[in-house]
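A.B. asks:
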Amino acid sequence: MAEDSRKSPSGRSSNVRPVHRAGAAAMLLGALGVVFGDIGTSPLYAFQTVFTLDGGIVKNNDADVYGVVSLIFWAITLIVSVKYVTLILRADNDGEGGVMALAALARKHVPQGGRRWAVVMVLGVLGASLFYGDSVITPAISVMSAIEGLEVPAPGLAHLVLPIGVTIIVALFLVQRFGTELVGRVFGPVMVVWFTVLALLGLRQVVHDPAILRALSPSYAVLFVIDHPGIAFVAMGAIVLSITGAEALYADMGHFGRSPIRRAWFFLVFPALTLNYLGQAALIREQPEALSNPFFRLAPDWAQLALVILATLATVIASQAVISGSYSVTNQAIRLGYLPRLTVRHTSHKEGGQIYLPAVNWVLFAGVITLLLIFQRSSRLATAYGLAVTGTFLITTVLFLVHADAAWHWPRWKLILVGSLFGWLELTFFVANLTKVAHGGWLPLLIAAVVVLVMMTWQRGRTLVTERRQKLEGKLVPFVTELQQQDLTRVSGTAVFLHPDDQTVPLALRENVTFNKVLHESVVILSAISANVPYVPEDERVTVATIGHPSHHIHHVTVTYGFQDVQNVPQSLAGATSLGLPVDPDTALYFLSRITLSRTELPNMSTWRKRLFTAMAHNAADPTEYYRLPPARTIIMGTNVLV
11 MAEDSRKSPS
21 GRSSNVRPVH
31 RAGAAAMLLG
41 ALGVVFGDIG
51 TSPLYAFQTV
61 FTLDGGIVKN
71 NDADVYGVVS
81 LIFWAITLIV
91 SVKYVTLILR
101 ADNDGEGGVM
111 ALAALARKHV
121 PQGGRRWAVV
131 MVLGVLGASL
141 FYGDSVITPA
151 ISVMSAIEGL
161 EVPAPGLAHL
171 VLPIGVTIIV
181 ALFLVQRFGT
191 ELVGRVFGPV
201 MVVWFTVLAL
211 LGLRQVVHDP
221 AILRALSPSY
231 AVLFVIDHPG
241 IAFVAMGAIV
251 LSITGAEALY
261 ADMGHFGRSP
271 IRRAWFFLVF
281 PALTLNYLGQ
291 AALIREQPEA
301 LSNPFFRLAP
311 DWAQLALVIL
321 ATLATVIASQ
331 AVISGSYSVT
341 NQAIRLGYLP
351 RLTVRHTSHK
361 EGGQIYLPAV
371 NWVLFAGVIT
381 LLLIFQRSSR
391 LATAYGLAVT
401 GTFLITTVLF
411 LVHADAAWHW
421 PRWKLILVGS
431 LFGWLELTFF
441 VANLTKVAHG
451 GWLPLLIAAV
461 VVLVMMTWQR
471 GRTLVTERRQ
481 KLEGKLVPFV
491 TELQQQDLTR
501 VSGTAVFLHP
511 DDQTVPLALR
521 ENVTFNKVLH
531 ESVVILSAIS
541 ANVPYVPEDE
551 RVTVATIGHP
561 SHHIHHVTVT
571 YGFQDVQNVP
581 QSLAGATSLG
591 LPVDPDTALY
601 FLSRITLSRT
611 ELPNMSTWRK
621 RLFTAMAHNA
631 ADPTEYYRLP
641 PARTIIMGTN
651 VLV
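Residue numbers (my numbering): 11 to 653.
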């Protein structure tokens, strides 16, 4: 580059936290409505599942009941209260959470190119893949467990449970295109009522049998494990159902902040869950027949139908939260280069995080409906639940320890202590759930395996295509130098060429010069970069570099987006004019290089993976829509690349 004068509007770091403008009460209410939907509906099926495992291997006697409730309470305390709420929420990627955000955060602090640098993103991909398995099962098991409550006050309606469940799921996925902004206004109040009802139902039974409070002692959990190690091990596979949704505490941190999540958890959610599980335990001690559905039998007869309706609303909210989470995870994976561009629709003019991905929505819908039709009952779905959750727990713990070591420089003893405290418990949960593989547990593993394969194939294929493309493009500096020696016609206006970097020549630019023998009066090579941070402020997003002599009017513009930002190129280009860029975004022409892939026999990737990569590339979103380019002023020029 003969001259490279870079300008940026600010020298400050782009690592700023998202601002939460709503008041503390509003944020707490919002956290209740979104963050805790999944774990808040676990009492519908978790306790019952433990006592129906393997035909009733866990007995309805004092030792087993006290032991199970104690295990549930201490699992929630250690995994959710201590690990996630106290520790994991501290590891935020500029205010954002989630397993992929944690992987990106950890990767920033480990030596580049080393073993850990490569492993952390692989773990992030695995964690995201397991989350998709969870996203398919959660709506199915949550909605069905609520609708099955009809069988308590109205046994004659049992045949309607499945049709009603399918209807609710269909309606839930159909309304996704409209966004969650309007529905979100009622999420918080409904969940406040839900957790209050959970607490009151449990308290009513605990008052009747206060001796059940002794189960809060860890001694009962320890004795249960010592006296019946085999039974306890099997029970752990179902006890984990009581902490499903814990990952949402971390994944949704960017929407509400850690303080509202912590306050909501300790002041309402945790006490309500504890009381409800204690109440169910006290009930089955008094009424063994209540094991058929202990949650709904906590309510008096006159309130059971109303409880079914409230539970259905709560499970829809829980399902909505995990569906929205799958959109966010997909969007992060796209920004980090592990998935092709998909159509992303922003459903709110105020909140950038409210997005809708049609492809993801309908894939999830197909998976959920298939599950409902195959398993039909929440008790059967429970056998498939757990592996995805416990796998994500383990991956989050490993990534957290890597980050604590690399970024916080924790001493070795502290890493070992925290790793041992959570690692053994989560590993036990995971291994216990491996016993479910033959009875439906294969499903989340299959989903995760497919997603991992897709993500790693796309990442590998993208690397190969980049290498081939760069050979065709050639170096930018020699190309610009040659332009000065050619007799080219300079036409009026600005041409913007979207290109990954400033090292090589955009293929569309090279084709325009080679075949059309013209060069626009002003040429802008624009690179849109996805940073491993959630948000990049507007005043720190754009840098401008002059390529060659200033009189040639050839510039390179770098626009850096966080993985939660909207990638609006014309809008970003308008911001670059304040840096002296001679361009009118309203009249500029946008040139895209469209690559046609042709498979070869080169042993760089297996043939079937090449076919998969090619199929994904052909179905990727239109970059015109992805970058918010004006279709009437966008020109696409193609070339062939071998893979």
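Backbone N, C-alpha and C define an ideal beta-carbon position, used for all residues, glycine too.
Spatial neighbours of Glu436 within its chain, please: CB distance less than 8 Å, with the 5 preceding and 5 following residues excluded, ordered by chain position.
C.D. replies: Ile89, Thr400, Phe403, Leu404, Thr407
A.B. asks: Touch check for the segment 76–88 and the segment 52–66: three-plus C-beta pairs under 8 Å?
C.D. replies: yes
A.B. asks: Given a cut-off of 8 Å, decide if Gly289 and Leu213 are closer than it, judged by their beta-carbon atoms.
C.D. replies: yes
A.B. asks: Work out the CA separation of Asp632 and Leu320 for me, nearest whole Å.
C.D. replies: 42 Å
A.B. asks: Please list, in chain order, all residues of the same chain as Pro516 whose beta carbon is under 8 Å from its beta carbon, the five residues on each side excluded.
C.D. replies: In its chain, beyond the 5 residues on either side, Glu483, Phe507, Leu508, His509, Ile535, Phe601, Ser603 have a beta carbon closer than 8 Å to the beta carbon of Pro516.
A.B. asks: Buried or exposed for Gln330, please, with buried defined as at least 16 other CB atoms from any protein chain shown within 10 angstroms of its CB.
C.D. replies: buried
A.B. asks: Helix, strand or coil: how does DSSP classify Gly503 here?
C.D. replies: strand
A.B. asks: Can you give, in chain order, each stretch of the alpha helix (DSSP H) that sits fully within the segment 305–371 and has at least 4 residues?
C.D. replies: 314–345
A.B. asks: Three-state secondary structure (DSSP) at Arg31?
C.D. replies: The predicted position of Arg31 is uncertain, since its pLDDT is 44 and thus under 50; a value taken from the coordinates is nonetheless stated next. Residue state, collapsed to three classes: coil.
A.B. asks: For His419, is the classification buried or exposed, using 16 other Cβ atoms within 10 angstroms of its Cβ as the cut-off for buried?
C.D. replies: exposed
A.B. asks: To the nearest angstrom, how far is the alpha carbon of Ser152 from that of Gly585?
C.D. replies: 46 Å
A.B. asks: In angstroms, rounded to a whole number, what distance separates the CA positions of Ile253 and Met626?
C.D. replies: 35 Å
A.B. asks: If you draw a straight line from the C-alpha of Gly338 to the C-alpha of Arg551, how long is it?
C.D. replies: Position check: residue 338 holds Ser in this sequence, whereas Gly was assumed. Those two C-alpha atoms are separated by around 21 Å.
A.B. asks: Name the DSSP bridge partner or partners of Val528?
C.D. replies: Partner residues in the beta bridge of Val528, as assigned by DSSP, are Thr499.
A.B. asks: State the DSSP-derived secondary structure class of Ser608, mapped to helix, strand or coil.
C.D. replies: In the displayed model, Ser608 falls within a strand according to three-state DSSP.
A.B. asks: CB Asn303 to CB Gly159, shorter than 8 Å?
C.D. replies: yes
A.B. asks: Rounded to a whole number of angstroms, what is the C-alpha to C-alpha distance between Arg479 and Asn614?
C.D. replies: 15 Å
A.B. asks: My output table needs one value for Asn522: the three-state DSSP class, helix, strand or coil.
C.D. replies: helix
A.B. asks: Indicate whether the contact test is met: 3 or more Cβ pairs, each with one atom in the segment 375–386 and one in the segment 170–185, closer than 8 Å.
C.D. replies: yes
A.B. asks: With a Cβ-Cβ cutoff of 8 Å, do Ile241 and Pro454 count as a contact?
C.D. replies: no
A.B. asks: DSSP on Met647, reduced to helix/strand/coil?
C.D. replies: strand
A.B. asks: Taking the CB atoms as reference points, tell me whether Glu658 and Thr325 lie closer together than 8 Å.
C.D. replies: The structure shown has nothing for residue 658, since the chain only spans 11 to 653.
A.B. asks: Measuring CA to CA, which of Leu317, Ile249, Asp511 is closest to Thr438?
C.D. replies: Ile249
A.B. asks: Using the Cβ count rule (16 or more neighbours within 10 Å means buried), how would you classify His449?
C.D. replies: exposed
A.B. asks: Would you please state the rounded distance, in angstroms, between the beta carbons of Ala156 and Thr322? I believe it to be under 8 Å.
C.D. replies: 4 Å
A.B. asks: In angstroms with no decimal places, state the Cα-to-Cα distance between Arg125 and Ala343.
C.D. replies: If you take the alpha carbons of Arg125 and Ala343, they lie about 21 Å apart.
A.B. asks: Can you tell me which of Ala541, Arg272, Lys69 puts its alpha carbon nearest to the alpha carbon of Lys93?
C.D. replies: Arg272
A.B. asks: I'd like the list of long-range same chain contacts for Arg307, defined as Cβ closer than 6 Å, with 5 residues on each side in sequence excluded.
C.D. replies: Ala300
A.B. asks: Would you report the Cα separation of Lys424 and Gly77, rounded to the nearest angstrom?
C.D. replies: 30 Å
A.B. asks: If you draw a straight line from the alpha carbon of Ala209 to that of Val109, how long is it in whole angstroms?
C.D. replies: Ala209 and Val109: Cα-Cα distance of roughly 31 Å.
A.B. asks: I think Val546 touches Thr570, with their Cβ atoms under 8 Å apart; what is that distance to the nearest whole Å?
C.D. replies: 5 Å
A.B. asks: Can you list, in chain order, the residues of its chain with a C-beta nearer than 8 Å to that of Pro641? Leave out the 5 residues immediately preceding and following it.
C.D. replies: Thr634
A.B. asks: Is DSSP giving Thr206 helix, strand or coil here?
C.D. replies: helix
A.B. asks: Can you round the beta-carbon distance between Lys527 and Thr499 to whole angstroms, since I take them to be within the 8 Å contact cut?
C.D. replies: 6 Å
A.B. asks: Smallest Cα separation from Ala181: which of Ala313, Ala73, Val378?
C.D. replies: Val378
A.B. asks: Counting only runs that start and end within the segment 110–162, where is the alpha helix (DSSP H) found for 4 or more residues in a row?
C.D. replies: 125–157
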